[in-house]
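Asker: Quick one: the structure is below, and I'll ask about it shortly.
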Amino acid sequence: MGIKNNIRKLLVLVAWIVTGGTVLVLLIAAISNKNHKTCKGVEINITGVQEHVFLDEKDIMQVIAAGQNNPPEGKIITNFDLAKLESVLERNIWVKKANLFFDNNQKLRVNIEEREPIARVFTVAGSSYYIDSSGTRLPLKDKMSIKLPVFTNFASEKSFHRGKDSLVLEGIKKIAGFLQSDPFWLAQVAQIDITAAGNFEIVPLVGNHIVMFGDGNDCAAKFKRLLVFYRQVSAKYGLEKYSVVNVQYDKQVIGTRRGTYGKIDSLQTLKNIQKLIEASHKLPVDTIKPISTQTTKNNIQL
61 MGIKNNIRKL LVLVAWIVTG GTVLVLLIAA ISNKNHKTCK GVEINITGVQ EHVFLDEKDI
121 MQVIAAGQNN PPEGKIITNF DLAKLESVLE RNIWVKKANL FFDNNQKLRV NIEEREPIAR
181 VFTVAGSSYY IDSSGTRLPL KDKMSIKLPV FTNFASEKSF HRGKDSLVLE GIKKIAGFLQ
241 SDPFWLAQVA QIDITAAGNF EIVPLVGNHI VMFGDGNDCA AKFKRLLVFY RQVSAKYGLE
301 KYSVVNVQYD KQVIGTRRGT YGKIDSLQTL KNIQKLIEAS HKLPVDTIKP ISTQTTKNNI
361 QL
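Be aware that the sequence shown starts at 61, since it is given in my numbering, and climbs by one per residue.
Structure (structure tokens):
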């Protein structure tokens with residue numbers, strides 16, 4: 061019995077040694093095989109934008125080729141420093157995120173998330189640039205026209221993310237984000253001016269008035285109140301009768317009448333107002349109280 065047990069133990073030990081040796085050989089072979097696998101090609105996928113692509117695949121390929129000192133095809137996969145390539149790609153201001161990996165077909169997959177502008181900003185110094193949803197400043201692109209909300213009179217470039225200017229930047233992001241999600245208002249807003257106090261004043265395409273918007277908070281509610289004002293006031297008084305429409309206060313709209321009022325002398329302006337009202341009827345009716353018959357000086361309150 062003792063001899064049989066010893067033989068059995070010896071056989072088990074031999075089996076484990078053989079199995080372990082086989083696994084080790086396979087592992088070494090796999091590593092050796094991997095070390096000799098070469099890149100079979102590059103596939104680039106750019107996401108994060110809906111209409112305008114600011115990145116060129118050729119530019120991305122040039123970065124990858126420069127990082128490897130030669131075209132990537134045919135180069136041994138283990139010689140690629142993917143983390144370094146990702147870092148180099150992300151130095152491009154338009155690249156928000158880069159992710160590189162090799163698939164089972166030995167192709168280098170390059171996934172790029174591109175920054176998308178949500179607004180164009182003009183500073184008091186006369187410079188201009190785009191910003192994205194994170195507030196990152198983006199350079200203008202030559203020979204490319206983009207329909208974006210336009211903000212003017214941004215005070216500073218140096219303190220872009222500090223103090224009052226950072227609050228203004230947050231307001232720009234909120235208003236621009238809302239307008240980008242609402243084609244109706246995006247088409248109606250010509251530009252948004254920034255006041256010295258850091259508030260926003262909207263210049264609409266329809267009518268000859270200024271909309272005092274306040275800060276960038278509660279955008280949806282403010283534009284909803286403005287739409288109610290347009291629906292109700294245009295039918296009774298006409299938009300051209302007002303020089304200022306103030307929507308910055310909660311649950312009310314104050315319209316300031318002009319000192320002297322003349323008839324609308326532009327047929328095109330009248331047509332534009334009619335189009336605005338027709339388009340607004342397609343939107344949900346607001347529950348804000350109707351216009352009061354009481355007025356204070358030249359103000360009408362909702």
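Cβ atoms here follow ideal geometry from the backbone N, Cα and C, with glycine treated the same way.
#1: Tell me the residue span of the beta strand (DSSP E) that contains Gln251.
#2: Using a Cβ-Cβ cutoff of less than 7 Å, which residues in the same chain neighbour His341 once the five nearest sequence positions on both sides are dropped?
#3: Taking just the CA atoms, how far does Ser226 sit from Asn259?
#4: Could you name each continuous alpha helix (DSSP H) segment of 4 residues or more that falls completely within the stretch 179 to 250, going from the start of the chain to the end?
#5: Which of the three DSSP states is assigned to Tyr290 in this structure?
#6: Roughly how many angstroms separate the alpha carbons of Ile235 and Phe162, rounded to a whole number?
#7: Where do the N-terminal and C-terminal ends of the alpha helix (DSSP H) with Glu146 fall, by residue?
#8: CA-CA distance, Met272 and Ser205?
#9: Which same chain residues, not among the five before or five after Ile63, have their C-beta less than 7 Å away from its C-beta?
#10: Please identify the residue among Gln251, Phe238, Val288 whose C-alpha is closest to the C-alpha of Lys311.
#11: Which partner residues of Pro177 appear in the DSSP bridge assignment?
#12: Could you check how far apart the C-beta atoms of Pro177 and Leu208 are, in whole angstroms? I think they sit under 8 Å.
#13: Once DSSP output is grouped into helix, strand and coil, what is the label at Ile259?
#14: Express the C-alpha separation of Phe214 and Leu330 in angstroms, rounding to a whole number.
#15: Under the three-state reduction of DSSP, which class applies to Tyr321: helix, strand or coil?
#16: Using a Cβ-Cβ cut-off of 6 Å (strictly less than) and excluding sequence neighbours within five positions of Val210, which residues of its own chain qualify?
#17: Taking Lys233 and Gly195 to be in contact with their CB atoms under 8 Å, please state how far apart those CB atoms are, rounded to whole angstroms.
#18: Cutting at 7 Å between CB atoms, please list the residues of its own chain near Pro132, excluding the five before and the five after it.
#19: Rounded to whole angstroms, what's the CA-CA distance from Ile270 to Ala257? Just pull it up for me.
#20: DSSP three-state label for Lys97, please.
#21: Which of helix, strand or coil does DSSP assign to Val55?
Answerer: Walking through what the data contain:
#1: 249 to 254
#2: Confidence at His341 is low in this model, with a pLDDT of 47, below 50, so the placement of that residue is unreliable and no value is reported for it.
#3: 13 Å
#4: 223 to 241, 243 to 248
#5: helix
#6: 41 Å
#7: 142 to 149
#8: 28 Å
#9: none
#10: Val288
#11: Asp192
#12: 6 Å
#13: As written in the sequence, residue 259 is Asn, which differs from the Ile given in the question. Coil, per DSSP.
#14: In this prediction, Leu330 scores a pLDDT of 46, lower than 50, which makes its location untrustworthy; the coordinate-derived value is nonetheless stated afterwards. Approximately 33 Å between the Cα atoms of the pair.
#15: Confidence is the limiting factor: at Tyr321 the pLDDT is only 44, short of 50, which leaves the residue's position unreliable, though a coordinate-based value still follows. Coil, per DSSP.
#16: Arg180, Gln251
#17: 6 Å
#18: Cys99, Val102, Ile124, Ala125, Leu168
#19: 16 Å
#20: coil
#21: Residue 55 lies beyond the stretch modelled for the chain, which goes from 61 to 362, so this question has no answer here.
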